[in-house]
Amino acid sequence: MLRRLVKFISVIVLLAGLIIQPAASVTAADQLTVHFERIYESPVSVTFRVTITNEGKALPDLPLEVLFDGLNVSDLSRLTITELTINEYQVSYPTQFETIEESYTATGKLVLSIDASGQTLYQDVSLPVMDKSGNLVSSGGEIIKSGAYDRIDQKTGTVYWFTDIPVAWQTSTIQEIIPIELADWTAKSKSLKDNKLKTSISLPEKSLEKNPKGDTGWGSGTRVWDVTLSLPLLTTDSGWGSQGLMKWDLAGTIYYDDTNSSWWNNNWLYRRFIALDMTTISETLTNFPVYIKLDSTNFDFSRAQDNGEDIRFTDGVSNLDYEIVSWDSVSETAEIYVKNPVQLANVATDGIYMYYGNKAVSDGQNPAGVWSNGYVAVYHMSDASSTLINSSVGSLPGTKSGDMAAQTAGLLGYAQYFDGINDQIIVAYNAILDITSGSVEAIILPDSAGTDGYIFAKGNPALGYYCNTRYIGSINRIEWAGPSAVQSNNVFTDTDWTYISFTCNGRAISFYHNGTAAGSQTLSSDPDTNTDGLYIGNRMGGSSGSTYFDGLIDELRISGVVRSAAWLAATNLNLMSPDTFLIFGTEEGKPADPANLSADISGNNIELTWVKGDLSLSTVIVRGSLHYPESPDDGLVVYDGPAESFTDTGAAGELSTHYYRAWGYSGWGYSDGYSQDRTEGIMIGVIITLGLIAIAYIKRDIIMTIIAGISLLLLGYGIIDPDIGGNAIIQALPIILMSVYMIIRAAIYATNRREV
C-alpha cells in the first residue's frame, strides 16, 4: 500500500512539473500580430490590407496611430493633403491626416477634364482655380461650369477661349483638355514636405468571424482592414510612390510595414537625406545641379568603396544623374554634382537621398545627364592632365599651355592657377559656343587688384564675347564685351573667392556678384559670332602682362539659356556656402545587432535589458515558449521600440522557461544577427528529475534508472549552458523516453496476460 502511495505521489509531482504555469497578465497589444499586404495600386491611390490577430481572443478597443513616412509621390502630387479611409468589413473610418510640417503655398500643373456628354467641365484636384480676372471659379473637385468659359496660361500669357466642346473630346469618359501652368496661381494647401502623414483612430471592440465577401472567416480575434490612401491627380504623370513606409501604433506597440519599406534598394546598406536650404530662394528650380561636398564631418568614407563607385542618389522614387569630380578616401573629401529634378522654393526640408555601402556594384555616373539642362560647357578646372574636360553634352576639351601647374587647391576642390604671364587654356571652335543669349558663371580669386586679365574670351575682342576683370575708377569690376563693352557696378577683392555670373539676353546684360544683382547694362549693338576658339585665362592675340589672367579659376560654366536670378542665387549659396546650404540628415542604414540581452525574473514579470545596435531605429524582442525564435515572426513580439529596457508583464514566473531574442530594426530592415537570453525556469527540470529518480528507486528498474540518470545529466547541462541545456524540448526528453518505455512495458504486460 505504501509503495502504491509513493508511486501515486511521484506521478503527481511529475505531472505538476509539466503543467504548473503561474497566471500571466496580458495587455492589449502584447498578444497582437500584424501583417501588411499591398493589394491595390493605381496612379492616384494605394490600398494596404492589414491583418491583426490577437491569438484567438476578442480584440479590445485599441488606440491606433497610422504614420506614413516617405510617401514619395512624383512631381507635385506630394504637396496635396489626402484622406485616409479604413474599411473594416464595410465599416468606414474617414479621417483627415495631420501634417507633420506646417502649411505653405504650392504651385503646380492643373489638369482640366470633361465628362462623356461633352457638356460640363470639371477639375479633379483640391486646388482653387481662378479665371483670368482673378475670380474664384472652383475650390477643387467639382463641376466648374457648362458652356463657354475662358482660361489663361500664366506661363505664356496665352488666353484659351472655349464656346463649344470639341467633338473629339466627347468620345472619351475622361479627357485631358489643357495642362495649365499655375506659375502665378497659388493654392494654400497643406504640405507633406518630408511626406509624413499621420492620423489617430479609436477602433471599437469587435471579434469578426467572416471577411467582407462572406467567405470562410479568419477566425475569432482576427480583424482585417483595407487602408486606402487617395492622392488627387495633379499632373498626368503623377502617381503613387511605391516606397512608402507604413507604421501602426497599437496601444503603444509599433508595427512596421516591412514588405513595403521606404528604402530604395536593400543592396545599399546606408543612406543620408540631404536637404537644401531654399528658404531665401523664391523659385522652384527644375533639373538643378546640386554641388555635394563630402568630408569626415558628414560622411563615413569607410562605408563606401574606395573611389565612391557605390554612391547613388535618388529623389525617393527615381535614380538621379550624378558626377564625381573628385573622391579621396584617404583625405576623406569628395566633390560631387547631382541633378535634382525638382527643388522646392522657400523651404529647407526638400532634397535628395544619398545611398552607399554596396561593395559589389560598379560605377554609375552620368556627367552628361547632370549638365543636360541647357549647359554648353562645364569646366570644373580640377584636371591634373594637360587636357581640360568638359562635363556637359559634347566634348569641347581644352588644352593647357604655358607653365601651368597640374592642380592647385581651390574652393570646391582643385582649381587651375594662371600666372598672368603665359598660362592659358584653349578650346577649339565649335558652333555650340556661338551664344547670343545665355549665361556664364565662374569662381575666381585674382592675385592682385588693378589688372585687366581675361577670365575667358570667345574670339577677337571686336567680335564674339569676352569677360575680364577691369580696373576702372579705382574699382575692380567685371566687364562683358563684344562689339561694345559694359561693366558691373560691384567690386571684388583679390583676397576672397568670388562667384561671378552674368546673363546675356540679346543686348541686355545683367551682372551678379556672389548671387546678388550687380547692375544691368545694354550693349550698343547685337552680339556677334565668329569661328574662333574659346580662351580661358586670356584672349586670342593677347599679350603677356596685360591680357593674361593672374589668379585662380575654380569653375566655369557656359549656358545657352538665360538663368533666372533665383537660379544664380541658389547656385551661389550652393557653391560658396555648402556647409550651411546643405543640411545632412542622420545616417540611416542596416542596423547592427543588439547586444547583451538579459532576461531576469521579477515575480511574475521578466525584466529585459539590452544595448541597442548602431543605426537601429528600434529593437524588436520576440518571446518563444519552447525554443528560441528563429525570426522576428516566429513567436510573440513583446517589445518594439527605441528604448534599452522593458518589463514583460505577460510572462510567467520562476517555474516557466521563456526564450527571448532581440533584433535591430530600421527602414532598411532587420539586423542579420541577434542577442538572446532566457529565464532560468530550472524548477521544471528539478521536479522532473526528482520524480524520475523516485520512480526508478521504487520500481528497482534498470531502464528507469538510466532514464533518471539522463534527466540528471540534462539538469546539470542546463545549469552549465542554459541557452542549450535549458531548452524545453531537451528538458522534456526524459519524459518522452519514460513514456515510450512505459508504453512498451504496458504492451508486454498485456501480451503476457493474454498468454496466461
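Under mature numbering (1 follows the signal peptide of the UniProt record, and there is no 0), the letters of the sequence shown match residues -28 to -1, 1 to 728, in that order.
Quick reminder that beta carbons are idealized off the backbone N, C-alpha and C, glycines included.
None of these values were measured; they are calculated from a predicted model.
Taking the DSSP output, what are the residues bridged to residue 305? 267 and 300
Problem - Meets three-Cβ-pair contact criterion under 8 Å: the stretch 262 to 280 and the stretch 309 to 327 - result: yes
- Can you give the Cα-Cα distance for residue 548 and residue 471, rounded to whole angstroms? 7 Å
Less than 9 Å between the C-beta atoms of residue 315 and residue 384, yes or no?
no
Residues near residue 501 in its chain [Cβ-Cβ closer than 6 Å; skip 5 each side] | 406
Determine the DSSP secondary structure at residue 539, reduced to helix, strand or coil. helix
| In chain order, each beta strand (DSSP E) run of at least 3 residues that lies wholly inside the stretch 572 to 601 | 577 to 583 and 590 to 596
For residue 399, report the span of its beta strand (DSSP E) as first-last. 396 to 399
Using the Cβ count rule (16 or more neighbours within 10 Å means buried), how would you classify residue 723?
exposed
*What do you get for residue 332, buried or exposed, if any count of 16 or more other CB atoms within 10 angstroms of its CB means buried?*
exposed
Open item on the list: Does the stretch 327 to 347 come into contact with the stretch 280 to 290, if we say contact requires no fewer than three beta-carbon pairs (one atom in each stretch) closer than 8 Å?
Closed with: yes
Own chain partners of residue 238 with C-beta closer than 7 Å, once the 5 adjacent residues on each side are dropped: 640 and 641
(Q) Quick check on the burial criterion: 16 or more other C-beta atoms within 10 angstroms. Buried or exposed for residue 602? (A) exposed
**OP:** For residue 260, name the three-state secondary structure that DSSP assigns.
**Re:** strand
N-terminal and C-terminal residue of the alpha helix (DSSP H) that residue 339 is part of: 339 to 342
**OP:** With a threshold of 16 other CB atoms inside 10 Å of the CB of residue 716, please say whether the residue is buried or exposed.
**Re:** exposed
*Kindly list the residues whose CB is nearer than 8 Å to the CB of residue 253, restricted to its own chain and excluding five residues on each side of it in sequence; keep chain order.*
317, 318, 538, 541, 542 and 545
| Would the stretch 520 to 537 and the stretch 290 to 303 be scored as touching if the rule is three or more Cβ pairs under 8 Å? | no
Taking the beta strand (DSSP E) that residue 553 belongs to, which residues open and close that run? Here residue 553 belongs to no beta strand (DSSP E); instead the alpha helix (DSSP H) covers 550 to 553.
### Task
Figure out for me which residue from 477, 370, 590 and 413 has the closest Cα to the Cα of residue 492.
477
Does the Cβ-Cβ distance between residue 508 and residue 396 come in under 9 Å?
-> yes
Spatial neighbours of residue 372 in its chain, beta-carbon cut-off 6 Å, leaving aside the 5 residues before and after: 358 and 397
Within this structure, are the beta carbons of residue 394 and residue 518 separated by less than 9 Å?
no
Would you kindly report the start and end of the unbroken beta strand (DSSP E) that includes residue 493?
488 to 494
Residue 131 to residue 530, Cα distance in whole Å? Only weak support is given to the placement of residue 131: the predicted model assigns it a pLDDT of 31, under 50, and the value that follows is read from those uncertain coordinates. So the two alpha carbons sit approximately 35 Å from each other.
key: residue 311 vs residue 259 beta-carbon contact at 9 Å   = yes
Check: From residue 415 to residue 469, what does the alpha carbon distance come to, in whole angstroms?
Finding: 7 Å
Are the CB atoms of residue 524 and residue 413 within a distance shorter than 9 Å?
no
Any idea which residues DSSP pairs residue 650 with across the strands?
631
Report task. Decide if residue 614 is buried, meaning its Cβ has at least 16 other Cβ atoms within 10 Å, or exposed. Result -> exposed
Roughly how many whole angstroms lie between the Cα atoms of residue 425 and residue 409? 24 Å
Same chain, Cβ closer than 7 Å to residue 340, five either side skipped, listed in chain order: 364 and 365
Select from 475, 633 and 521 the residue whose C-alpha is nearest the C-alpha of residue 650.
633
* Does the Cβ of residue 295 have 16 or more other Cβ atoms within 10 Å, making it buried, or fewer, making it exposed? -> buried
* So which of 293, 427 and 274 has the shortest CA-CA distance to residue 330? -> 274
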